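In our numbering, the protein residues as written are 2 to 137.
No residue lacks a Cβ here, since even glycine has one placed at the ideal position from N, Cα and C.
These figures come from a predicted structure and were not determined experimentally.
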(Lines of atoms letter the chains of each structure in order from A and count residues from 1; the text may use other names and numbers.)
(Lines give C-alpha, C1' and ligand atoms only; values in the text may rest on other atoms or scores of the structure.)
Protein backbone atom coordinates (compact mmCIF):
# COMPACT_ATOMS: atom_id res chain seq x y z
CA UNK A 1 0.00 0.00 0.00
CA UNK A 2 2.83 2.39 0.83
CA UNK A 3 4.43 1.71 -2.56
CA UNK A 4 1.16 2.63 -4.28
CA UNK A 5 0.91 5.85 -2.27
CA UNK A 6 4.53 6.74 -3.13
CA UNK A 7 3.86 6.04 -6.81
CA UNK A 8 0.79 8.29 -6.72
CA UNK A 9 2.78 11.04 -5.00
CA UNK A 10 5.49 10.85 -7.68
CA UNK A 11 2.88 11.84 -10.29
CA UNK A 12 1.31 14.67 -8.28
CA UNK A 13 1.57 18.05 -9.96
CA UNK A 14 2.61 16.67 -13.34
CA UNK A 15 0.76 17.67 -16.54
CA UNK A 16 -1.59 14.64 -16.71
CA UNK A 17 -2.93 15.27 -13.20
CA UNK A 18 -3.33 18.99 -13.91
CA UNK A 19 -5.09 18.26 -17.21
CA UNK A 20 -7.42 15.78 -15.51
CA UNK A 21 -8.24 18.34 -12.79
CA UNK A 22 -9.00 20.99 -15.44
CA UNK A 23 -11.26 18.67 -17.44
CA UNK A 24 -13.03 17.49 -14.28
CA UNK A 25 -13.59 21.10 -13.19
CA UNK A 26 -15.26 21.87 -16.54
CA UNK A 27 -17.43 18.74 -16.26
CA UNK A 28 -18.36 19.68 -12.69
CA UNK A 29 -19.37 23.16 -13.81
CA UNK A 30 -21.48 21.74 -16.65
CA UNK A 31 -23.17 19.19 -14.40
CA UNK A 32 -24.03 21.75 -11.74
CA UNK A 33 -24.94 24.78 -13.85
CA UNK A 34 -26.62 23.47 -17.01
CA UNK A 35 -30.33 22.69 -16.95
CA UNK A 36 -31.19 19.05 -16.24
CA UNK A 37 -33.03 18.93 -19.59
CA UNK A 38 -29.70 19.37 -21.42
CA UNK A 39 -28.39 16.08 -20.03
CA UNK A 40 -30.01 13.39 -22.20
CA UNK A 41 -31.90 10.53 -20.58
CA UNK A 42 -34.48 8.01 -21.71
CA UNK A 43 -37.56 8.46 -19.56
CA UNK A 44 -36.59 8.70 -15.91
CA UNK A 45 -33.29 10.22 -14.93
CA UNK A 46 -30.52 7.81 -13.96
CA UNK A 47 -30.49 9.36 -10.50
CA UNK A 48 -34.13 8.58 -9.79
CA UNK A 49 -33.52 4.96 -10.83
CA UNK A 50 -31.03 4.52 -7.98
CA UNK A 51 -33.92 4.65 -5.48
CA UNK A 52 -31.85 6.55 -2.92
CA UNK A 53 -33.63 9.10 -0.76
CA UNK A 54 -32.05 12.49 -1.56
CA UNK A 55 -29.71 10.74 -4.01
CA UNK A 56 -28.67 14.06 -5.49
CA UNK A 57 -26.96 14.88 -2.18
CA UNK A 58 -24.88 11.70 -2.51
CA UNK A 59 -23.93 12.84 -6.01
CA UNK A 60 -22.92 16.28 -4.69
CA UNK A 61 -20.84 14.60 -1.98
CA UNK A 62 -19.07 12.40 -4.55
CA UNK A 63 -18.53 15.19 -7.09
CA UNK A 64 -16.83 17.46 -4.58
CA UNK A 65 -14.89 14.62 -2.93
CA UNK A 66 -13.38 13.84 -6.35
CA UNK A 67 -12.85 17.55 -7.11
CA UNK A 68 -10.92 18.03 -3.87
CA UNK A 69 -8.78 14.93 -4.36
CA UNK A 70 -7.96 15.80 -7.99
CA UNK A 71 -7.10 19.38 -6.99
CA UNK A 72 -4.73 18.03 -4.35
CA UNK A 73 -3.17 15.58 -6.82
CA UNK A 74 -2.70 18.35 -9.38
CA UNK A 75 -1.01 20.45 -6.67
CA UNK A 76 -3.56 23.16 -7.41
CA UNK A 77 -3.71 23.95 -3.70
CA UNK A 78 -0.40 25.31 -2.44
CA UNK A 79 -1.22 25.22 1.28
CA UNK A 80 -3.01 22.64 3.42
CA UNK A 81 -5.95 24.87 4.31
CA UNK A 82 -6.49 25.70 0.64
CA UNK A 83 -7.49 22.05 0.23
CA UNK A 84 -10.53 23.02 2.32
CA UNK A 85 -11.46 26.59 1.53
CA UNK A 86 -10.91 26.68 -2.25
CA UNK A 87 -13.35 23.81 -3.00
CA UNK A 88 -15.87 25.10 -0.42
CA UNK A 89 -15.73 28.57 -2.00
CA UNK A 90 -16.07 26.99 -5.46
CA UNK A 91 -19.18 25.08 -4.30
CA UNK A 92 -20.65 28.27 -2.82
CA UNK A 93 -20.03 30.19 -6.05
CA UNK A 94 -21.76 27.43 -8.03
CA UNK A 95 -24.81 27.57 -5.75
CA UNK A 96 -24.96 31.37 -6.04
CA UNK A 97 -24.64 31.15 -9.83
CA UNK A 98 -27.48 28.61 -9.89
CA UNK A 99 -29.66 31.17 -8.11
CA UNK A 100 -28.86 34.05 -10.46
CA UNK A 101 -28.53 32.18 -13.77
CA UNK A 102 -31.76 30.26 -13.31
CA UNK A 103 -31.92 27.56 -15.99
CA UNK A 104 -34.16 25.49 -13.72
CA UNK A 105 -31.56 25.42 -10.96
CA UNK A 106 -31.69 27.19 -7.62
CA UNK A 107 -29.56 27.80 -4.54
CA UNK A 108 -29.84 24.84 -2.17
CA UNK A 109 -28.22 24.96 1.25
CA UNK A 110 -28.42 21.15 1.50
CA UNK A 111 -26.41 20.85 -1.74
CA UNK A 112 -23.80 23.17 -0.24
CA UNK A 113 -23.71 21.03 2.90
CA UNK A 114 -23.31 17.82 0.85
CA UNK A 115 -20.53 19.49 -1.18
CA UNK A 116 -18.77 20.54 2.02
CA UNK A 117 -19.05 17.07 3.57
CA UNK A 118 -17.46 15.56 0.44
CA UNK A 119 -14.68 18.15 0.65
CA UNK A 120 -14.09 17.54 4.38
CA UNK A 121 -14.01 13.77 3.88
CA UNK A 122 -11.46 14.11 1.06
CA UNK A 123 -9.41 16.54 3.15
CA UNK A 124 -9.18 14.20 6.14
CA UNK A 125 -8.38 11.22 3.90
CA UNK A 126 -5.63 13.22 2.20
CA UNK A 127 -4.21 14.23 5.58
CA UNK A 128 -4.34 10.64 6.83
CA UNK A 129 -2.96 8.91 3.72
CA UNK A 130 -0.63 11.39 2.04
CA UNK A 131 0.42 13.68 4.87
CA UNK A 132 0.32 11.54 8.03
CA UNK A 133 2.57 13.86 10.02
CA UNK A 134 0.27 16.84 9.45
CA UNK A 135 -2.18 15.92 12.22
CA UNK A 136 0.51 14.91 14.75
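Straight-line gap, residue i to residue j (C-alpha atoms, nearest Å)
i: residue 85; j: residue 125; result: 10 Å
i: residue 15; j: residue 72; result: 12 Å
i: residue 47; j: residue 129; result: Only weak support is given to the placement of residue 47: the predicted model assigns it a pLDDT of 48, under 50, and the question is left unresolved by the model.
i: residue 134; j: residue 127; result: Low confidence applies to residue 134: its pLDDT is 49, below 50, so where it sits in the model is not reliable, and the reading given next is rough at best. Going from the Cα of residue 134 to the Cα of residue 127 covers about 11 Å.
i: residue 80; j: residue 120; result: 15 Å
Buried or exposed (CB count within 10 angstroms, at least 16 for buried), residue i
i: residue 18; result: buried
i: residue 70; result: buried
i: residue 103; result: exposed
For residue i, the three-state DSSP class (helix, strand or coil)
i: residue 74; result: helix
i: residue 104; result: coil
i: residue 58; result: helix
i: residue 82; result: coil
Minimum Cβ-Cβ distance from residue i to chain C less than 8 Å
i: residue 32; result: Reference to chain C is not applicable here, since this structure consists of a single protein chain.
Residue i - containing alpha helix (DSSP H), residue span
i: residue 131; result: From DSSP, residue 131 is part of no alpha helix (DSSP H); its letter is neither H nor E.
i: residue 23; result: 16-34
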